[in-house]
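First comes the structure, then the notes that go with it.
2 protein chains.
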Amino acid sequence: MRSDEPTRLANIIASLFRDQSTETEQIVVDERSTVDLIAGADAQDDCAVFRLSGEHELVVGSDYVRGTKFRLYEMGHLSEYNLGYYLVAANLSDIAAMGAHPIGLLSVVRYPSDMSDESFESIMQGIKDACTRFRCPNIGGDIGSAERLILSASALGTCRRGTALFRSGAKLGDLVCITAPTGLAGAAMDYLRAKKPSPTVDNLHLDTMLDSWRYPSARVDEGIALAASRRVTSCQDTSDGLKATIECIASASGVGITVFEDSVPVPASVAAVARHLGLDPFVFVFGDSVDFELTFTAPPDAVDQLRKQMALHVIGEVTDSGEVLLRRSDGSHASLPGEAWRHAPEEVGR
Amino acid sequence: MRSDEPTRLANIIASLFRDQSTETEQIVVDERSTVDLIAGADAQDDCAVFRLSGEHELVVGSDYVRGTKFRLYEMGHLSEYNLGYYLVAANLSDIAAMGAHPIGLLSVVRYPSDMSDESFESIMQGIKDACTRFRCPNIGGDIGSAERLILSASALGTCRRGTALFRSGAKLGDLVCITAPTGLAGAAMDYLRAKKPSPTVDNLHLDTMLDSWRYPSARVDEGIALAASRRVTSCQDTSDGLKATIECIASASGVGITVFEDSVPVPASVAAVARHLGLDPFVFVFGDSVDFELTFTAPPDAVDQLRKQMALHVIGEVTDSGEVLLRRSDGSHASLPGEAWRHAPEEVGR
């Protein structure tokens, strides 16, 4: 069960469903067969995981996207096509984070009766094109009217039995990696909301940053490779921001994590925006930037193998300190910069 | 792919996804395994169906519910608890219609920031209680804020390989059955909207009718039994109204269906409301009443067997006429009464 409101998650949701979704729940389908729910609402992973009979595990999750309430949509930087595309990427990112191969996307598209056929078709084309890009069949859903555009979806994936990735397996000595630099989505947001244009940023960086909203990448191939390696000990996508992701993996795994300041990649666009706005670029890199990169942990020798299959950046290590820390260039330690969670999600445009 | 807007479904959605979701699509998960999508967006069944390796087929579908836009909610007849309950029943009804055993529900609950903890907890309790009633684990979803309450869900189910029920298998000579009388939901709606109270209806019938909105039954056990019989040739739930359901089964199966006027059950509450409002009760029984009964077809000897396992009503037969007809008591034929589809769903409160 995911929520952007941690208080209600802890106080109401978790207590309501604690008894209903225990660690492994066996569902008796008939007298000859059962299905095991090995990660349900309690687990707070990106998706739920079922173990079916046969060789596959089934991974399934749902994501609602704010769509027309995205600030960048309201400001005219995103089209209806982009919203459809985003819906798919956000949902498939959760499947990727579990290491599963996408097998289907169910989309809920409800729209106001005065929406033009062109706008409606544009949304559906965005959904279709993103499904094609990430090789995920669109398997249906629920399309119809509402007072305003509502976009939600569920994605399904499968992986080989025993290979699904969770947040809760990081071990002392593992390295902490990300699939690509983070911060572009947040930098785009803050730059455009500041309404303080820079010709350099506009000419060299704006499209790159906006593409993280227009055509976000779900790291499907990377997730599949991480699961197939059978050496990755934890994984989560960075859709809540890198700091939140690292804290969540540490907490779920009962370990500490130290991030090396000098190893954290800062995209040139993020650096340019930070410079222009007079901010520390780590505010974007670690903060509430909705990027869909994967953060994962694995032993050093496994990371060496994975390098041959995908781009990755080692940014830290798992420790027994019990704390999430930033190790500075001078060897001193500090807490991680950035906001860990969207306490008021309206404010950040999701 | 389901839609309450048939024109856009036909013109835009169907054409966009025609090439993407063919009759059976094989998804290569890795070099050693594949998953078959045997009913996708094109099939227009209640759910999509996957054939995984092993003994199970996976059934999955999504339903958005109007929730606070239900007329009966706006009129004060439904609580937040009822909306949560309804969300689950509507989604599990689709699973039931495919003959699958529910294995998980993913719920999307987005709510305005000024919603009280009590209201929020009430929604979640309704979701939980309905999941418990229908023995379906709640496996997570997406909970967070929005400008108004948004309720959507996806349900998953499994059935034994080769037993999933579709709309498209009705055969000449089959009987047409329903699991229980229909029309209660529509009669409740029209009675309360007419604002012309009757003491008889209020005292004897109103609670029964309102319960079809407050605590709707998903016919999960019946769906499982229908699939297990391996004799049922088609099945669909009546959530679009009985007329629409019969027309859809006939069309998908390429057959005609004749409904016997004298065999169609009319609930006492529906008869009372119709009498009070001066309407033909069949307007509710066949019309746009959102009941969650199952309509199915099977050969006569199979229906005799199924009677021993569940309540059912034989209401007609499959013909080779190519038409959907009502056979009156006097032997004459007419078209089915009722509205076949919600062309303006706002008007009917879904």
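So the protein lines, in turn, are chains A and B.
The first sequence begins at 272 in my numbering and counts up by one.
The second sequence begins at 272 in my numbering and counts up by one.
Where a beta carbon is used, it is the ideal one built from N, C-alpha and C, also for glycine.
Does DSSP put residue i in a helix, in a strand, or in coil?
| i | result |
| --- | --- |
| residue 564/A | coil |
| residue 342/B | helix |
| residue 246/B | Here chain B comprises residues numbered 272 to 621, so residue 246/B is not present and cannot be evaluated. |
| residue 584/A | strand |
| residue 434/B | coil |
| residue 499/B | helix |
| residue 407/A | coil |
| residue 504/A | coil |
| residue 418/A | coil |
| residue 523/A | helix |
| residue 598/B | strand |
| residue 329/A | strand |
| residue 373/A | strand |
| residue 317/B | coil |
| residue 605/B | strand |
| residue 322/B | strand |
| residue 364/A | helix |
| residue 296/B | strand |
| residue 464/A | helix |
Can you check whether the CB of residue j is closer than 8 Å to the CB of residue i?
| i | j | result |
| --- | --- | --- |
| residue 352/B | residue 415/B | no |
| residue 543/A | residue 491/A | no |
| residue 408/B | residue 311/A | yes |
| residue 381/A | residue 410/A | no |
| residue 367/A | residue 375/B | no |
| residue 600/B | residue 493/B | no |
| residue 348/B | residue 463/B | yes |
| residue 510/B | residue 563/B | yes |
| residue 360/A | residue 488/A | yes |
| residue 431/B | residue 518/B | no |
| residue 435/A | residue 498/A | yes |
| residue 565/A | residue 479/A | no |
| residue 514/B | residue 609/B | yes |
| residue 339/A | residue 419/A | yes |
| residue 350/B | residue 393/B | yes |
With a threshold of 8 Å between beta carbons, is residue i in contact with chain A?
| i | result |
| --- | --- |
| residue 327/B | yes |
| residue 486/B | no |
| residue 604/B | no |
| residue 491/B | no |
| residue 323/B | yes |
| residue 345/B | no |
| residue 291/B | Because residue 291/B sits at a pLDDT of 49, beneath the cut-off of 50, its placement in the model cannot be relied upon, and the following sentence gives the value as read from the coordinates. Judged by the 8 Å Cβ criterion, residue 291/B is in contact with chain A. |
Determine the chain B residues that contact residue i at a beta-carbon separation under 8 Å, and present them in chain order.
| i | result |
| --- | --- |
| residue 319/A | 375, 377, 410, 411 |
| residue 308/A | 374, 375, 408, 410 |
Check the Cβ of residue i against every Cβ in chain A and list those closer than 9 Å, keeping chain order.
| i | result |
| --- | --- |
| residue 503/B | Going along chain A, no residue has its Cβ under 9 Å from residue 503/B, so there is no contact; the nearest lies around 16 Å. |
| residue 431/B | 300, 301, 303, 304 |
Mind listing the chain A neighbours of residue i? Cutoff is C-beta to C-beta under 8 Å, in chain order.
| i | result |
| --- | --- |
| residue 561/B | By Cβ distance, chain A contributes nothing, its closest Cβ being about 13 Å from residue 561/B, past 8 Å. |
| residue 296/B | 408 |
Is there at least one Cβ from chain B nearer than 8 Å to residue i's Cβ?
| i | result |
| --- | --- |
| residue 330/A | no |
| residue 351/A | no |
Since residue i and residue j should fall inside the 8 Å C-beta cutoff, what is the C-beta to C-beta distance between them, to a whole number of angstroms?
| i | j | result |
| --- | --- | --- |
| residue 439/A | residue 521/A | Wrong, their Cβ atoms sit about 10 Å apart, outside the cutoff. |
| residue 423/A | residue 332/A | In fact, because the Cβ distance is near 12 Å, the residues do not count as touching under 8 Å. |
| residue 453/A | residue 556/A | 5 Å |
| residue 447/A | residue 588/A | 6 Å |
| residue 585/B | residue 574/B | 6 Å |
| residue 592/A | residue 527/A | 4 Å |
| residue 504/A | residue 442/A | 5 Å |
| residue 508/A | residue 364/A | 5 Å |
| residue 580/A | residue 496/A | 5 Å |
| residue 413/A | residue 357/B | About 14 Å separates the two Cβ atoms, so there is no contact after all. |
| residue 559/A | residue 512/A | 5 Å |
Identify the contact partners of residue i in chain B, using a Cβ-Cβ distance below 9 Å as the criterion.
| i | result |
| --- | --- |
| residue 333/A | 333, 377, 378, 379, 411, 412, 413, 423, 424, 425 |
| residue 311/A | 375, 408, 409, 410, 411 |
Compare the C-beta of residue i with all C-beta atoms of chain C and state if any pair is closer than 8 Å.
| i | result |
| --- | --- |
| residue 356/A | The structure shown contains no chain C; its protein chains are A and B. |
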